[in-house]
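A.B. asks:
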Amino acid sequence: MIPDITAGRGALAAMVQNIGNLAQAHAHLARVTSDTQGHLANMASKYHNLALSAEQFNYQKEKDAKEHGLKQAAFEQQQAEHADRLDLEKARLDLAKRQQNSQEKQWQQSFGFNKQQADRSYGLEKQRTRADVAYKGAQTANTNADTYMRGFIASSSTDPQTMVYGNRLMQQVGGGFKGTKPSLKKPLQLFKDPKAPPKFGDYSLNPMERG
């Protein structure tokens, strides 16, 4: 009798089918795994790129911040230096103004002192001039009086020449005879008051004037 292997064939066919299904499942798992790995790799690449971009962004940001900080610091430094220059120029200007005011004050004081000195000198010179004029006037008056007295005394002489000389002396100071000399034949007229002082230009006091 020949053994029946139908059942064995069916089992083998089922095993083959299972193996085929397992192979398909494995292939599908391999594809899924591959796809997942690819997707993961893609995601990893994107993440890496994103991370690199973020790092570059942060680096650029820090760089820009540093540059901005440097620029800001440089700008602030320039502003500070400009302010210092303005303060220095203002201080120089204030010093120049103070020096100018001091020079003007000194000039005004010097001008006022010189003006006072000039006024004082002018006043003293004016007083000196007046004194000189008065002194010279007094000298002239004394000289005229002396000349008149000498002429008056000479004109009182009985000598005709002496009388003429005295008349000329008195004429020099505004007194004396008018006309020709008197004749000796006629007696001389005397002063009404011999002690009265002579007067310049008053011919009525002349003792040699004709009556």
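Going letter by letter, the sequence shown gives residues 1 to 211 in UniProt numbering. Ideal Cβ positions, reconstructed from N, Cα and C, are used throughout, including at glycine.
Which first and last residues belong to the alpha helix (DSSP H) in which Val164 is found?
C.D. replies: Here the question's residue 164 lines up with position 164 in the sequence shown. Where Val164 is concerned, the enclosing alpha helix (DSSP H) stretches over Pro160 to Gln172.
A.B. asks: Do Leu169 and Thr143 have their C-beta atoms within less than 8 Å of each other?
C.D. replies: Looking up residue 169 in the sequence shown gives position 169. Looking up residue 143 in the sequence shown gives position 143. It is not a contact, given that the beta carbons lie outside the stated cut-off.
A.B. asks: Hey, Ile153 and Gly166 are a contact pair by Cβ (cut 8 Å); roughly how many whole angstroms apart?
C.D. replies: Taking the first residue of the sequence shown as position 1, residue 153 is located at position 153. Taking the first residue of the sequence shown as position 1, residue 166 is located at position 166. Their Cβ separation, rounded to whole angstroms, is 7 Å, which keeps Ile153 and Gly166 in contact under 8 Å.
A.B. asks: From the DSSP output, in three-state form, read off Ser156 for me.
C.D. replies: Residue 156 sits at position 156 when you count from the first residue of the sequence shown. In the structure shown, Ser156 sits in coil (DSSP, three-state: anything other than H, G, I, E or B).
A.B. asks: Tell me, to the nearest whole angstrom, how far the beta carbon of Ser155 is from that of Met163; I am working on the premise that it is less than 8 Å.
C.D. replies: Position 155 of the sequence shown, counted from the start, is the residue given in the question as residue 155. Position 163 of the sequence shown, counted from the start, is the residue given in the question as residue 163. Yes, they are in contact, since the Cβ atoms of Ser155 and Met163 sit about 5 Å apart, within 8 Å.
A.B. asks: Work out the CA separation of Lys66 and Met75 for me, nearest whole Å.
C.D. replies: Translated into the one-based positions of the sequence shown, residue 75 becomes position 75. Translated into the one-based positions of the sequence shown, residue 66 becomes position 66. One detail in the question is off: residue 75 reads as Phe in this sequence, not Met. If you take the alpha carbons of Phe75 and Lys66, they lie about 14 Å apart.
A.B. asks: Roughly how many angstroms lie between the CA atoms of Leu40 and Thr33, to the nearest whole one?
C.D. replies: Within the sequence shown, residue 40 is the residue found at index 40, counting from 1. Within the sequence shown, residue 33 is the residue found at index 33, counting from 1. Looking at the two C-alpha atoms, the distance is approximately 10 Å.
A.B. asks: What number of angstroms, rounded off, separates the C-alpha of Ala73 from the C-alpha of Glu104?
C.D. replies: The count along the sequence shown starts at 1 and reaches residue 73 at position 73. The count along the sequence shown starts at 1 and reaches residue 104 at position 104. The alpha-carbon atoms of Ala73 and Glu104 are separated by roughly 46 Å.
A.B. asks: From Ala96 to Ser121, what distance separates their C-alpha atoms?
C.D. replies: Locating residue 96 in the sequence shown gives position 96, where the first residue counts as 1. Locating residue 121 in the sequence shown gives position 121, where the first residue counts as 1. Cα-Cα distance, rounded: 36 Å.
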